[in-house]
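Engineer:
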Amino acid sequence: MLTKQELNDKLVSELKDMAEGIGVKNAKKFSKEELIYKILDQQAVKGETPPPPAEPQPERRRRRENVTHAAPVVAPTV
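Here the sequence shown stands for residues 109 to 186, where the numbers follow our numbering.
This is the structure:
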């Protein structure tokens, strides 16, 4: 179970994800302090620790395509 201090050290977005994960309804509308108390209440009722929020995977960059195999451009002669 997480303590009040551990929850207080987390970001609001992390708290919202945790609260939704353990079944707190309308978690997005609560302030940080309210979320902390809601999470603590749910932990006391269920007796479990909320799952850690999933970390977003970094976006992969697209590989740059080589254009060396393209036909050369010939300038018109006047």
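Where is the CB? At the ideal position from N, CA and C, for every residue including glycine.
Expressed to the nearest angstrom, what Euclidean distance is found between the alpha-carbon atoms of F138 and G129?
Structural biologist: On the sequence shown, position 30 is the one that residue 138 refers to. On the sequence shown, position 21 is the one that residue 129 refers to. F138 and G129: Cα-Cα distance of roughly 15 Å.
Engineer: Short check: CB of A127 to CB of L115, under 8 Å?
Structural biologist: Working through the sequence shown from its first residue, we reach residue 127 at position 19. Working through the sequence shown from its first residue, we reach residue 115 at position 7. No, Cβ-Cβ distance for A127 and L115 is not below 8 Å.
Engineer: Look at the alpha carbon of K124 and the alpha carbon of N174, and state the distance between them as a whole number of angstroms.
Structural biologist: For the purposes of this step, residue 124 is taken as the residue at position 16 of the sequence shown. For the purposes of this step, residue 174 is taken as the residue at position 66 of the sequence shown. In a straight line, the C-alpha of K124 is about 45 Å away from that of N174.
Engineer: Would L148 pass as a contact of K118 if the rule is Cβ separation under 8 Å?
Structural biologist: The residue given as residue 148 occupies position 40 in the sequence shown. The residue given as residue 118 occupies position 10 in the sequence shown. No, they are not a contact pair.
Engineer: Among the residues of its own chain, which have a CB less than 8 Å from the CB of K146, if the five just before and after it don't count?
Structural biologist: By 1-based counting over the sequence shown, the position of residue 146 is 38. Closer than 8 Å at the Cβ level, and outside the excluded window around K146, lie A127, V132, A135 and F138.
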